[in-house]
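Structure first, commentary second.
Residue numbers (the numbering used here), protein chains in the order written: chain U, 1 to 327; chain Z, 1001 to 1259.
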């Protein structure tokens, strides 16, 4: 079999497994975990495009997620706009904020940019807390409608109240987004981003328009985080200022680092792994009455940075080259 | 034919005048050496020409364009490429990707154009870069067998060559080389001279900063001497060698002591 058709076969098998999964495991709680993992895959992958490929340390990614969630939730609850439009509106409004946050990145780098993005995200969280007329403050917005049913003729109607149809909708969104990330990362655009990450002066000397690329990647990254947020709003049907918290960004960051920063598969692996791990830890939390999850995330992050910079994907790749070298 | 001209080019860093009222011209097809003692302002001059920072005053005309206020990437797209004294290769990218990143035709497509191409294009169809050209360039600088290697794994001498290949991938008409021979051993030095000659042979004008006198006297048709930011001499290698002001600048008081 040619390597190309082998790759295709692998993808086809993977897709079949993901489609069959909810039909085999019918547990609603398990499906809910899969959906949560899917949302984090979107968040971690979009953060990775910005931080891993372009080297822009954005510590306010949860803000884009929250903007997407609030945008779609407000449009649906106050103006009665269908969630299907809200989904993209959430992405677009987040993208505009992304463009805005991109502007300081033109002048700031490293720790200075990181601090600015934290400020950005905290300001938005405070706005969500205090603009009570619009957001209901810390109570959050509830009673957000689910995605409206899709009618296929008069005999079939797909409802989005059950986890299973939400799972399929998210599966489509995630697959499309990952395909776009893959194309962006492996293209001339992706290579330009990496050149900026490696050396801005060097990149400018070969004609890379640093400002243009930074603004573009901030916008794109924010769009997908906003999309994830809008989906979340209509899935959870409740949005609170917690969505924009630094803890959320920290979770996204840990997932990406653990999986492998600057790789396509890394954020996916990290997001799925940590989503299930943190659920496993929930009963421990109930026992010791302590936020064990964040402690474990912190430890994982430190271990990753100290002992496996490339994350799980990096470790996997180096093991494979070693075993090849032995053969 | 005149390719580049600077007029009263001046750059201050705080109160320090790093480049002071420098006027010079480059003609198409020349190799011009830029020499001077440490701190004479050579690298600052190249940074001005390549747009790393703007001059405090004065102008730079490159092929009818006033470029002194342009950004580095705009200057590059007009046809000026450069290398750096301390190499700035993209360490975590492969040797080939270093060259490919430079080979993207940025005159044709900006960032959003490339995004659209990436998402809508079919399997890399219509990409602006030319893989064969990138391979030819690696062959040319003798890095063909390292194409898949990460740039950070290259020995120093080879990473200097990679920078040259990367600069050439942007198809420049003027190449600015900032100490291409520093840190090279004698045999590597000869290889480097050969490469620079061959680049010039393909019609690329070269301005080269160099400390190794063997190199500069060997390949320059003309030499410009900077001292404390000012141009103190200009002429053929032979003239420069005998210029008392240059000898004074390099040897300071010692030259007098001998007499």
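Every residue gets a Cβ at the ideal spot worked out from N, C-alpha and C, and that includes glycine.
Should residue 1055 of chain Z go down as buried or exposed, given a rule of 16 or more other Cβ atoms within 10 Å for buried?
buried
Going by CA-CA distance only, name the one from U:199, U:269, U:236 and U:228 that's closest to residue 1052 of chain Z.
U:199
Between the alpha carbons of residue 15 of chain U and residue 1136 of chain Z, how many angstroms are there, rounded?
40 Å
Please identify the residue among Z:1232, Z:1236 and Z:1238 whose C-alpha is closest to the C-alpha of residue 1245 of chain Z.
Z:1232
Could you give the distance in angstroms between the alpha-carbon of residue 1181 of chain Z and the alpha-carbon of residue 265 of chain U?
Taking the straight line from one Cα to the other gives about 41 Å.
What is the rounded straight-line gap between the Cα of residue 1023 of chain Z and the Cα of residue 1070 of chain Z?
19 Å
Is the separation between the beta-carbon of residue 34 of chain U and that of residue 167 of chain U shorter than 7 Å?
yes
With distances taken from CA atoms, which of Z:1154, Z:1188, Z:1198 and Z:1105 is nearest residue 187 of chain U?
Z:1105
At 4 residues or longer, what runs of the alpha helix (DSSP H) sit wholly inside the stretch 1149 to 1235 of chain Z?
1156 to 1168, 1186 to 1201 and 1213 to 1219
For residue 5 of chain U, count the other beta carbons within 10 Å of its own beta carbon; 16 or more makes it buried, fewer makes it exposed. Which is it?
exposed
Under a three-way DSSP split, which group does residue 158 of chain U fall into?
strand
Flag this pair as touching only if the stretch 173 to 183 of chain U and the stretch 43 to 63 of chain U have three or more C-beta atom pairs under 8 Å; answer yes or no.
yes
Would you verify that the beta carbon of residue 206 of chain U is, or is not, closer than 7 Å to some beta carbon of chain Z?
yes
Report yes if the C-beta distance between residue 1061 of chain Z and residue 1005 of chain Z is below 7 Å; otherwise report no.
yes
Is the distance from the Cβ of residue 53 of chain U to the Cβ of residue 143 of chain U below 7 Å?
When the beta-carbon positions are compared, residue 53 of chain U and residue 143 of chain U stay at least 7 Å from each other.
Against chain Z, does residue 200 of chain U count as a neighbour if the rule is that its beta carbon must be under 7 Å from one of theirs?
no
Is residue 1102 of chain Z near residue 1170 of chain Z, with beta carbons less than 7 Å apart?
yes
Going by the DSSP bridge assignment, what does residue 1066 of chain Z pair with across the sheet?
Z:1061
Sort U:66, U:55 and U:303 by Cα distance to residue 121 of chain U and report the nearest one.
U:66
Suppose the cutoff is 8 Å on Cβ atoms and the five residues either side in sequence are ignored; what does the same chain contact list for residue 221 of chain U look like?
The residues are 46, 47, 49, 50, 58, 61, 64 and 98.
Does residue 37 of chain U come out as helix, strand or coil in the three-state DSSP assignment?
helix
Using the rule of at least 16 other Cβ atoms within 10 Å of the residue's Cβ for burial, across every protein chain shown, is residue 288 of chain U buried or exposed?
Under this definition residue 288 of chain U is an exposed residue.
Taking CB distances under 7 Å as the criterion, tell me whether residue 1090 of chain Z reaches chain U.
yes
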